[in-house]
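These protein sequence lines are chains A and B, in that order. Sequential numbering from 257 applies to the first sequence in my numbering. Sequential numbering from 257 applies to the second sequence in my numbering.
Number of protein chains: 2
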Amino acid sequence: MEKNTTPLILISNDDGITAPGLRVLVEEMSKIGEVIVVAPDKPQSAMGHAITVTAPLRLKQNFIFGSILAYECSGTPADCVKLALDKVCPRRPDIMVSGINHGPNYSINVIYSGTMSAAVEAAVDGVQAIGFSLCDYSAEANFEATRPFIKQITETILANPLPYGTLLNVNFPKTESIKGIRICRQASARYAENFDERKDPSGNTYYWMTGKFINMEEDDNDTDLWAVNNNYVSVVPTKFDLTSNSFIQHLKHLL
Amino acid sequence: MEKNTTPLILISNDDGITAPGLRVLVEEMSKIGEVIVVAPDKPQSAMGHAITVTAPLRLKQNFIFGSILAYECSGTPADCVKLALDKVCPRRPDIMVSGINHGPNYSINVIYSGTMSAAVEAAVDGVQAIGFSLCDYSAEANFEATRPFIKQITETILANPLPYGTLLNVNFPKTESIKGIRICRQASARYAENFDERKDPSGNTYYWMTGKFINMEEDDNDTDLWAVNNNYVSVVPTKFDLTSNSFIQHLKHLL
């Protein structure tokens, strides 16, 4: 951020422009800088890092946040950020924040998360980026306890920019008494698939995705999953270079 | 893989069940083991790691590969793998292969790639996984030069399983004379957005996504981008733990 200027803050999410979590983020960011919102016009949860290459995109101004410049976009969260950076923002944002997601994006959820894909998209473009998520799927979730932490984390990153290739994945526990912040690693966990098989009125089979979340590191206290389960805010420094560097030498002996 | 048994090989892709690249992969895998195909019923490029949680999924048997068991699925590549593992495969596959994608998935493309998301999904579930891509978007792309490498890499991994958390991202150059295999890291690159702005017949604006690919590491010869640009097969050991471990200590001093 340039000194003595108001930071420009781009906001998006994956629950859509009307989501209560987005409104909380807009309110907190308005205390820090000039805000621009470009968010999906409908919920886009679990969109991963999808982008729209085979259809055109639409942008429409939305006055839901009063005097704050806001657009709804017909695309995915990653589309929103791409369009915002190219067509909406008058200059490069000092930071991009995503969320607050209704539901956790800790552990393996990060790879499915539209919230995080928006933040990753900004980070790939060289913009400071943070994804915020609350471990409560409810539309009536209570975000109040998250407010001071959101402000603190965002101001810290504005003052101490992350190196290229790194962004933050922040998850809040579902509690009114948060104990503090923990810097963590992504927990190893997965979903055990268990599709619910049904018949439609014509007798044809269809499937609903369900899955049991399996924590494979229950005993470790340095993971994001442990942090939120113990009422801490988890902050994971996250990257989009997926190379397993430690395995390169071994592989050179095999292939 | 258990000794003295035919390996069970699950195949998916993101270009859809009729894509020529999928057929080449089915042919090569049939030389190695028993094959099951579960692929999208329509193209799903750039779907990232999207999964379908708000709509039901359909599976329909397809006889496009003759006696090989094949299903088309209404969902994303990641959906295909989840459904295949839960509802189609008679036992755990020994390996899952994805592709051959029509188009590159090197460098930053990995985060947008439906091909790689299918492979990642299998790997999260603990199944050995490889994504194969050819650096040629054409539907008439020539895959012949890739065949011996696909067989070699797959057999090597079946004989030397990857540790949990690691899969392979394999990209083939667009050439008939491939020089060999290079074990690489993911190149640092990004797309410079440049949306094409148009007016529809009603006078409303819409946008087509375009973007110029920018290689930020042109001088380095240990990246996947360098390898394919120099007619080598790039093999990147890839992981889905996105933690930037090297940044954890620094962040602990800031927050």
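By construction, the Cβ of each residue, glycine as well, lies at the ideal position given by its N, Cα and C atoms. Bear in mind the structure is a predicted one, so any value in this text is a computation, not a measurement.
Quiz item: Under the three-state reduction of DSSP, which class applies to A/N269: helix, strand or coil?
Solution: coil
Quiz prompt | Contact residues within the stretch 338-358 of chain B, judged by C-beta distance below 7 Å to chain A | solution = K338, L339, L341, D342 and K343
Self-check item: Sheet register partners of B/I320 (DSSP bridge)
Solution: Its beta-bridge partners do not exist; DSSP assigns none.
Quiz item: What does A/I364 touch in chain B if you count any residue whose Cβ is under 8 Å from its own?
Solution: What A/I364 touches in chain B: V380 and F496.
Quiz item: Going by Cα to Cα distance, which pick from A/A295, A/Y463 and A/K435 is closest to A/T371?
Solution: A/A295
Practice problem: Mind checking which residues open and close the alpha helix (DSSP H) that includes B/R441? | Solution: Looking at the DSSP string, B/R441 is not in any alpha helix (DSSP H), and its letter there is neither H nor E.
Quiz prompt | chain A contact for B/Q442 (CB, 9 Å cutoff) | solution = yes
Exercise. Could you list which residues in chain B have their beta carbon closer than 7 Å to that of A/S373, in chain order?
Key: Chain B residues near A/S373: G304.
Exercise. Please go through the same chain and pick out, in chain order, the residues whose beta-carbon is closer than 7 Å to the beta-carbon of B/V353, but skip the five residues on each side of it.
Key: So the list reads I265, I267, L281, M285, I386, F388 and T410, once near-sequence residues are dropped.
Quiz prompt | Exposure label - A/A378; buried when at least 16 CB within 10 Å | solution = buried
Practice problem: Determine the contact status of B/V337 and B/L424, defining contact as a CB-CB distance below 9 Å. | Solution: no
Quiz item: Do the CB positions of B/P333 and B/S373 come within less than 9 Å of each other?
Solution: Against a cut-off of 9 Å, the Cβ pair of B/S373 and B/P333 comes out as a contact.
Exercise. Scan the stretch 465-486 of chain B for residues whose Cβ lies nearer than 7 Å to a Cβ of chain A and list them as they occur along the chain.
Key: M465
Self-check item: Closest by C-alpha distance to B/K430, when choosing among B/T466, B/N357, B/A443 and B/L498
Solution: B/N357
Quiz item: Per DSSP, what kind of secondary structure is B/I434 in: helix, strand or coil?
Solution: coil
Quiz item: Name the chain A residues whose beta carbon is nearer than 9 Å to that of B/V576?
Solution: Here chain B has residues from 257 to 511 only, and residue 576 of chain B is not among them.
Quiz item: Of the residues that make up the stretch 289-317 of chain A, which ones have a beta carbon closer than 8 Å to any beta carbon in chain B?
Solution: P299, S301, A302, M303, G304, H305, A306, I307, T308, V309, T310, P312, L313, R314 and L315
Exercise. List the residues of chain B that A/I513 touches, going by C-beta distances under 7 Å, in chain order.
Key: The first residue shown for chain A is 257 and the last is 511, placing residue 513 of chain A beyond what the model contains.
Quiz item: In angstroms, rounded to a whole number, what distance separates the CA positions of A/I406 and A/E283?
Solution: 11 Å
Quiz prompt | Cβ pair B/Y381, B/P263 closer than 9 Å | solution = The sequence shown places Asp at residue 381 of chain B, not Tyr. In this structure, B/P263 does not lie closer than 9 Å to B/D381 by Cβ.
Self-check item: Complete runs of the beta strand (DSSP E) confined to the stretch 307-380 of chain A [at least 3 residues]
Solution: 315-317, 325-329 and 351-358
Self-check item: Exposure label - A/Q384; buried when at least 16 CB within 10 Å
Solution: It counts as buried.
Quiz item: So which of B/C345, B/D270, B/S330 and B/H305 has the shortest CA-CA distance to B/V291?
Solution: B/C345
Quiz item: Do A/Y368 and A/A443 have their C-beta atoms within less than 9 Å of each other?
Solution: no
Quiz item: What residues match up with A/L264 in a beta bridge as DSSP calls it?
Solution: A/E290
Self-check item: Backbone CA spacing between A/Y327 and A/F321 [nearest angstrom]
Solution: Looking at the two C-alpha atoms, the distance is approximately 10 Å.
Exercise. Output yes if chain A places a C-beta closer than 9 Å to the C-beta of B/Y230; else output no.
Key: Absent from the structure is residue 230 of chain B, since the part of chain B shown begins at 257 and ends at 511.
Exercise. Note down the Cα distance separating B/M257 from A/P360, rounded to an integer number of angstroms.
Key: Since pLDDT at B/M257 reaches only 47, below the 50 mark, its modelled position is unreliable, and the value read off the structure follows with that caveat. Using only the alpha carbons, I get a separation of about 35 Å.
Self-check item: Residue span of the alpha helix (DSSP H) that contains A/F513, given as start and end
Solution: In the structure as shown, chain A begins at 257 and stops at 511. Residue 513 of chain A is therefore absent and cannot be evaluated.
Quiz prompt | Delimiting residues of the alpha helix (DSSP H) encompassing B/K512 | solution = Since the first residue shown for chain B is 257 and the last is 511, residue 512 of chain B is missing from the structure and cannot be characterised.
Exercise. Would you please verify whether the beta carbon of A/I273 is less than 9 Å from any beta carbon of chain B?
Key: no
Self-check item: Whole-angstrom distance between A/N460 and B/K455, CA atom to CA atom
Solution: 42 Å
Quiz item: Taking DSSP as the reference, what is the three-state secondary structure of A/N477?
Solution: It is coil, neither helix nor strand.
Quiz item: What are the boundary residues of the beta strand (DSSP E) that includes A/F451?
Solution: Boundaries for A/F451: no beta strand (DSSP E) harbours it, and the DSSP string shows neither H nor E there.
Quiz item: In this structure, what does DSSP give as the bridge partners for B/G387?
Solution: B/S354 and B/N425, per the DSSP bridge assignment.
Practice problem: Please classify B/G382: does DSSP put it in a helix, a strand, or coil? | Solution: coil
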